[in-house]
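As structure tokens, the structure follows; a few thoughts come after it.
Protein chains in written order, with the working numbering: chain A, 1020 to 1383; chain B, 2 to 619.
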């Protein structure tokens, strides 16, 4: 109860403070997004009670970082706390530390059936997403410290969206874990998150891609704030379903029957995550089309990214059709969703790697 | 249904092909990429413009028709279904349901019905007084109508904005694509589209102060001319920058004459302007013929600088070494954002203007050059940089001429002039000999003098590579390295002593010598072009506008809205039907049915039964 009051109050205060002080930096659409995010966040807090704690912790970490920075990016080097804990880069590095740890504990939990390690895995994942979300929020603030006109939401390049991917996939998994009362799927879902973590580390250390860069003109739009996150809810959800599919395909072999939840539970989770992913992916594609109409002069240009988004969409539309209308169940759907992950991955990074087009913001 | 899926699969495969083969490139590129044999084969199937291909549009059209038929056939059935309550079930067939409960309660049928109504159920009493039927979530069925309607509406909107109409006109021979390079006014009317054209996406490149009322539509290997309902004049194009120099926004001030009215507008990326159903976007920019004032320096001769005034896209003849060359100025960039190393850290910085040109000899071969106006910092030194490449595919190789202490190129000019002075060379060689104590007899002195002079002349005539080939020819392999080292030392030593006056005047410092020698040696690979120094310029931009007329857009958006509503109904509205049967007084049987049975549904049923206050599940 106190938590709920605190939660709602901090949302109202944060949004109110921004609306009073920062409106000159926002256009009317961004103000609209901010106002609508108030009820959305309140709803999310009640739909998924654990989110309240996440929100408040991230808020506290963010405010501490802002306090420590004292408006000067250079303090990052001199302040111990900032340098090792609260600067965006170190928070994100903490995320990349706790996700692998979480995977290891989940695996140990599955093998030894140890409740303690299961809880530990969950907690490590919670720490990872708390650090990650705080990292992105602090990064958002840091970008404004570089220069007011450089400041932007940190979802604008491949490095930032990979962090976002880890966080969204991690959060959705934790939600389902709580709902389905099984921690056994953690060792599967965390695999894909850690693949992204590996990429982030390689990208950071081999390519120094973690520097904050100003936005190119095409990305300077409020649309980015809604188009990119909804896309990544889609990608995250599809990845979760594919990892559950992998688990359910392996279930019948290697004596994993004892370890994993029943097929019925796993099929249900697979369906739910594809369903939510599909809705968000549809919305993201539509928002993308509206944005494209405004920035590139056409809502659909058959750009490789657009085209592959359509293919991803058709793929999962077919999946849902088979399950909902034809009533199909079982291994075929699992295989399908696993192959769907390949298509999704190609649409996500393959297009940037191998094909050139309008979406070339994240090149390697 | 099967037909629709086949069509969709073909669309998907064609779409993938379209992402692998880069679309709408100049046809020559495809010819190079695929070769003589495959190029015409792929062309036959329109693989270079697959999304505008006739067959692709026809498939989309078929898809629309088949979906329309499907929807019109099923909609009445579905609407009837939504209204209808399911017929009665016999108590025995109820037992077959996954969620079937039997229980005893003191509540009567009326009270149980109320519990269901509170859960949002509609209730219907049947002819049988002991049976009540309840249902909820019938809107789920609307999901089918909405999603399929959405596909139709989106496709129709897309087809409206596609070029199906032109394709038909082209097939009938009324219109055709122009492939020759003509002025707008010379394009035959067969390739012109009037301003009433229903929909288009055209481009228009305008120089500053230029105006036009026609735009270009790229089609296949050619283009069409689209008449606009207004005339656009570009007043000014400009770029705003971040403090690091990276571009922040591209803007055009335009002046539109429409029906005798004039509108002044500024457009930028993400901020287009609409007039009379046509939206104008900022999509591109290039040089619009900037004026350049240049000085040409020969890298080897007596440095008689030649002045040259030119413009981008202009050609200038140049005469040198009994050969006629042509300067073709291609581009002038006012801003160049580089990562430069200053004090060992990489800094993103605008290093100022550069000019790009081709230098063509009389037999038509050209080298491409890119020369930067300002010296570029590298740690604590500055260099004048100019790149050269033989063809567009290769990287520029850069000549780096060190700047003197005034950050000018004249230090280097003086350096080379000294280097080439025979008097200075001989004088310094003699001094070197006199200082060398190991040369005791005159013969040895004479030989050393001659050898040193020869080495230095070789360097002056062909740089380090000349020295290398002399060594390769005349020195045994095992001694080559030591000899090379001593030659390089001698050249360096002479260059330094020859240029003592410059060092004394602090025009250059000692570290300059090595850089300058390298630059001198490299200039043998720079090709015949003189070094171009940019004195002054007047930047003139050309702004690339895109003009879009898309009346189908609104339908696509409406369709998209239907799609979201439809998917939401299909996935998140749960259709439930319930039969409540009072077997004997206070003894009930309840069956729950849903077309989507999963864990949440089991919980939902359980919850309701709990509400009716039952403990024993059978």
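We treat Cβ as the ideally placed atom computed from N, Cα and C, and that holds for glycine.
Bridge partners of residue 263(B), per DSSP?
For residue 263(B), the beta-bridge partners assigned by DSSP are 258(B).
Taking C-beta to C-beta, are residue 1201(A) and residue 1280(A) nearer than 8 Å?
Between residue 1201(A) and residue 1280(A), the CB-CB gap stays under 8 Å.
Run down chain A in chain order and give the residues with a C-beta less than 7 Å from the C-beta of residue 13(B).
Within chain A, the residues near residue 13(B) are 1330, 1333.
Residue ranges of each alpha helix (DSSP H) run of no fewer than 4 residues wholly in the segment 1067-1123 of chain A, ordered along the chain?
For the alpha helix (DSSP H) assignment, the uninterrupted runs of no fewer than 4 residues enclosed by the segment 1067-1123 of chain A are, from N- to C-terminal side, 1069-1088, 1094-1097.
For residue 502(B), does the three-state DSSP call read helix, strand or coil?
The three-state reading of DSSP puts residue 502(B) in helix, counting H, G and I together.
State yes or no: is the C-beta of residue 493(B) within less than 8 Å of the C-beta of residue 514(B)?
Result yes, Cβ atoms of residue 493(B) and residue 514(B) sit closer than 8 Å.
If we require 4 or more residues per run, which alpha helix (DSSP H) segments fall completely within the segment 415-446 of chain B?
423-436, all fully within the segment 415-446 of chain B.
Relative to the ligand ADP, is the shortest distance from any of its heavy atoms to the C-beta of residue 253(B) smaller than 7 Å?
Ligands are entirely absent from the displayed structure, and the ligand ADP is therefore not among its contents.
Would you call the segment 1139-1149 of chain A and the segment 1222-1233 of chain A in contact, with 3 or more CB pairs under 8 Å?
With contact defined as three or more Cβ pairs closer than 8 Å, the segment 1139-1149 of chain A and the segment 1222-1233 of chain A are not in contact.
Contacting positions in the segment 1302-1319 of chain A - beta carbon closer than 8 Å to chain B
Cβ contacts with chain B come from 1302, 1305, 1308, 1309, 1312, 1313, 1314, 1315, 1316, 1317, 1318, 1319.
Of all the CB atoms in chain A, is at least one closer than 8 Å to the CB of residue 17(B)?
Chain A contact via Cβ: present.
Taking residue 385(B) as the reference, give the member of 392(B), 375(B), 394(B) with the closest Cα.
For the set 392(B), 375(B), 394(B), the Cα lying nearest the Cα of residue 385(B) is the one of 375(B).
Interface residues of chain B around residue 1343(A) at Cβ under 9 Å?
Chain-order list of chain B residues neighbouring residue 1343(A): 571, 572, 596, 597, by C-beta distance under 9 Å.
Curious, which full-length beta strand (DSSP E) runs of at least 3 residues does the segment 87-141 of chain B contain?
Correct list: 100-105, 123-126, 132-137.
Consult DSSP for residue 251(B) and reduce its assignment to one of helix, strand or coil.
In the structure shown, residue 251(B) sits in a strand (DSSP, three-state: E or B).
Within chain B, partners of residue 1374(A) - CB distance below 9 Å
Chain B residues near residue 1374(A): 20, 21, 23.
Nearest-angstrom Cα distance between residue 1302(A) and residue 36(B)?
Each residue's Cα considered, the two are about 42 Å apart.
Please list the residues of the segment 1251-1266 of chain A that have a C-beta atom closer than 7 Å to any C-beta atom in chain B, keeping them in chain order.
Listed by position, the residues of the segment 1251-1266 of chain A near chain B (Cβ gap below 7 Å) amount to none.
For residue 272(B): DSSP bridge partner residues:
Answer is 269(B), bridged to residue 272(B).
Counting only Cβ-Cβ distances shorter than 9 Å, please list the residues of the segment 270-296 of chain B near chain D, keeping chain order.
Considering every chain present, this structure includes no chain D. Its protein chains are A and B.
Mind listing, in chain order, the continuous alpha helix (DSSP H) runs of no fewer than 4 residues lying wholly within the segment 1276-1335 of chain A?
Whole alpha helix (DSSP H) segments, 4+ residues: 1282-1314.
Which value, in whole angstroms, describes the spacing of the CA atoms of residue 416(B) and residue 500(B)?
Going from the Cα of residue 416(B) to the Cα of residue 500(B) covers about 6 Å.
In chain order, each alpha helix (DSSP H) run of at least 4 residues that lies wholly inside the segment 22-81 of chain B:
Runs of the alpha helix (DSSP H) lying entirely within the segment 22-81 of chain B and spanning at least 4 residues, in chain order: 28-45.
Verify the CB distance criterion: does residue 1203(A) have a CB-CB separation below 8 Å to chain B?
Look at residue 1203(A): its C-beta is not under 8 Å from any C-beta on chain B.
For residue 1096(A) and chain B, any beta-carbon pair shorter than 8 Å?
Judged by the 8 Å Cβ criterion, residue 1096(A) is not in contact with chain B.
For residue 1292(A), decide whether its Cβ has a neighbour in chain B, counting only Cβ atoms nearer than 8 Å.
Cβ-Cβ to chain B under 8 Å: no for residue 1292(A).
What three-state label does DSSP hand residue 8(B) in the structure shown?
Judged by DSSP in its simplified three-state form, residue 8(B) adopts helix.
Determine the closest residue to residue 209(B) out of 186(B), 234(B), 200(B), 228(B), with distance taken between C-alpha atoms.
Considering only alpha carbons, the answer is 234(B).
Using 8 Å as the limit for Cβ to Cβ distance, is residue 342(B) near chain A?
Chain A has no Cβ within less than 8 Å of the Cβ of residue 342(B).
Would the beta-carbon of residue 247(B) fall within 8 Å of that of residue 338(B)?
Yes, Cβ-Cβ distance for residue 247(B) and residue 338(B) is below 8 Å.
Just to confirm the assignment: which complete alpha helix (DSSP H) runs, minimum length 4, are found wholly within the segment 1121-1179 of chain A?
1134-1165, all fully within the segment 1121-1179 of chain A.
With respect to the beta strand (DSSP E) encompassing residue 388(B), which residues constitute its N-terminal and C-terminal limits?
Looking at the DSSP string, the run of the beta strand (DSSP E) that includes residue 388(B) is 382-390.
Does the Cβ-Cβ distance between residue 547(B) and residue 202(B) come in under 8 Å?
Taking 8 Å as the Cβ cut-off, residue 547(B) and residue 202(B) qualify as a contacting pair.
Chain A beta carbons: is any one of them nearer than 8 Å to that of residue 600(B)?
Taking Cβ atoms only, chain A reaches closer than 8 Å to residue 600(B), which makes this a yes.
Can you tell which of 250(B), 58(B), 111(B) has its C-alpha closest to the C-alpha of residue 169(B)?
Among 250(B), 58(B), 111(B), the Cα nearest to that of residue 169(B) belongs to 58(B).
Interface positions of the segment 390-412 of chain B facing chain A (Cβ-Cβ less than 7 Å), listed along the chain:
Correct list: empty, as no residue qualifies.
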